[in-house]
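**Q** One structure, pasted below without further comment.
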Amino acid sequence: MAQDSGTRTLISHAQLRRGRGRILYWTLLAVVVVVFTLVFLGPLYWMVTGALKSGQEIAQTPPSLFPMDPQPQNYVDAWHNLDLAKLLFNTFYYAAGALVFQLVLDTAAAYSLSKLRPIFGNAILGLMLATLMIPAMVLIVPQYVTVIDLPILHINLLDSPFAIWLPLVANAFNIFLLKRFFDSIPEDLMAAAVMDGATPLRTLWSIILPMSRPILGVVSIFAVTAVWKDFLWPKLVMPSPETRTVSVGIYAFAGGTPMNVVIAASVIAAIPTVIIFLLFQRNIMSGLTTGSLKG
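Its first residue numbered 1, the sequence shown is counted upward by one per residue in UniProt numbering.
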């Protein structure tokens with residue numbers, strides 16, 4: 001470790017200014033950037049180009065890097081044959097509902113744990129975080145039993161959007177993120193609001209939420225992508241073709257559909273999440289890195 005101007009780094013600025021040190025540093029940096037770029041963008045490139053190939057070309061070994069005869073018609077066939085418009089609408093509807101439920105209920109839970117501080121609040125938070133240690137697959141059976149016969153009401157929620165919304169409401173990770181952000185909001189603001197006669201709900205609406213837009217954006221992205229990418233749970237609770245999500249719908253049609261058309265459908269299904277990330281990436285990064293307020 002070297003120390004220069006109070007900043008501790010692995011390589012000192014003096015070493016970086018030397019010929020060999022500078023060459024080694026930039027070489028390693030370039031290699032790391034290229035390798036990670038290929039690792040993350042490689043599957044995306046294969047998916048996009050694979051959707052433009054013919055059935056014979058996509059099945060050949062070794063695979064070709066570029067489509068020999070690009071066929072954009074595969075995307076059109078995927079859109080019409082798999083009824084992607086209906087599948088995308090269903091998925092968007094479920095994702096929007098999950099987003100609303102999580103923003104309302106998880107924000108309320110985090111606010112109460114952070115600022116209202118109920119009795120046994122730390123114990124409740126600890127128990128909630130402990131649920132993160134339970135593998136998701138272990139919860140599938142009890143959740144499914146609950147969905148097919150909702151306790152007390154004895155309602156079957158299969159093919160109902162509530163079968164997707166309700167299990168996602170109490171998200172311990174999102175509540176923890178929100179609580180940590182709320183903890184960073186100065187208590188002086190809370191005290192000033194109380195002196196002005198604001199109720200806890202008014203304080204949440206007028207002070208906490210406007211200051212929490214970055215973290216709310218992060219939670220929103222997590223809520224939407226959790227629904228969009230999920231496969232097993234929607235397959236269990238949405239058996240009807242009319243209520244399927246896009247991932248389940250593509251899987252259902254994959255058996256009798258050419259592979260290149262299935263890949264084209266996967267590309268179309270991935271486009272909304274990529275667009276959302278590109279539009280809100282600044283909010284995502286600011287929400288994840290904001291841990292305190294400067295005044």
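All C-beta atoms in this analysis are idealised placements derived from N, C-alpha and C, irrespective of residue type, glycine included.
Source: prediction; values computed, not measured.
Quick check on the DSSP output: what are the complete alpha helix (DSSP H) runs of length 4 or more inside the stretch 134-167, in order along the chain?
**A** List check, alpha helix (DSSP H) in window: 140-148.
**Q** Is it the case that the Cβ atoms of A269 and S247 are separated by a distance below 8 angstroms?
**A** Yes, these two residues count as a Cβ contact at 8 angstroms.
**Q** Would you kindly check if the distance between the Cβ of W165 and the Cβ of F231 is under 8 angstroms?
**A** Their beta carbons are not under 8 angstroms apart, which means F231 does not touch W165 by this criterion.
**Q** What's the gap between the Cα of G69 and the Cα of F280?
**A** It is worth fixing the name first, because residue 69 is Asp in this sequence and not Gly. Roughly 36 angstroms separates the two Cα atoms.
**Q** Considering only residues of the same chain and omitting the five flanking positions on each side of I276, which have a CB-CB separation below 6 angstroms?
**A** Nothing listed; no residue qualifies.
**Q** Can you list, in chain order, the residues of its chain whose CB lies under 8 angstroms from that of K229, leaving out five sequence neighbours each side?
**A** Result list for K229: S247 and T273, in chain order.
**Q** The alpha helix (DSSP H) that contains K229, what's its start and end?
**A** Its alpha helix (DSSP H) spans residues R213 to K229.
**Q** Helix, strand or coil for A265? Go by DSSP, reduced to three states.
**A** Helix at A265.
**Q** Let me check understanding here. Comparing Cα to Cα, which of A51, A170, W46 and V145 lies closest to L158?
**A** Measuring from the Cα of L158, the nearest candidate turns out to be V145.
**Q** Thinking just about the alpha-carbon of each residue, which of G126, A198 and A96 is nearest to the one in L168?
**A** Of the candidates G126, A198 and A96, the one whose C-alpha sits nearest the C-alpha of L168 is A96.
**Q** Residue ranges of each alpha helix (DSSP H) run of no fewer than 4 residues wholly in the stretch 26-89, ordered along the chain?
**A** Correct list: 55-59 and 73-81.
**Q** Could you say if the stretch 48-56 and the stretch 251-261 meet the contact criterion of at least three C-beta pairs nearer than 8 angstroms?
**A** Yes, since at least three Cβ pairs between the stretch 48-56 and the stretch 251-261 fall closer than 8 angstroms, the two stretches touch.
**Q** Based on Cα-Cα distance, which residue from I155, E242, L201 and G217 lies nearest to R282?
**A** Measuring from the Cα of R282, the nearest candidate turns out to be G217.
**Q** Decide yes or no for the touch test of the stretch 101-121 against the stretch 234-252: beta carbon pairs closer than 8 angstroms, at least 3 of them.
**A** Not touching, per the Cβ criterion.
**Q** I'd like to know whether the C-beta atoms of residue 341 and V219 end up nearer to each other than 8 angstroms.
**A** As shown, the chain starts at 1 and ends at 295. That puts residue 341 outside it, with no answer to give.
**Q** Out of P214, V141 and Q73, state which residue places its alpha-carbon closest to the alpha-carbon of residue 299.
**A** The displayed coordinates of the chain run from 1 to 295. Any statement about residue 299 would go beyond what the structure contains.
**Q** By how many angstroms is the C-alpha of S184 removed from the C-alpha of G55?
**A** Whole-angstrom Cα-Cα distance: 55 angstroms.
**Q** Starting from the C-beta of L132, find all residues in its chain whose C-beta is less than 8 angstroms away, skip the five residues before and the five after it, and write them out in chain order.
**A** Result list for L132: A172 and F173, in chain order.
**Q** Helix, strand or coil for R117, going by three-state DSSP, please let me know.
**A** In this structure, R117 counts as coil in the three-state DSSP scheme.
**Q** Just the C-alpha distance for E187 and I119, rounded to the nearest angstrom, thanks.
**A** Looking at the two C-alpha atoms, the distance is approximately 19 angstroms.
**Q** Skipping 5 residues on each side, what residues in its chain have a beta carbon closer than 8 angstroms to that of I124?
**A** Counting only Cβ-Cβ distances below 8 angstroms, and skipping sequence neighbours, we find L113 and P118.
**Q** Nearest by alpha-carbon distance to L88: which of M137, G249 and W26 is it?
**A** When each option's Cα is compared against that of L88, the closest is G249.
**Q** Going by DSSP in three states, M238 sits in which element: helix, strand or coil?
**A** It is coil, neither helix nor strand.
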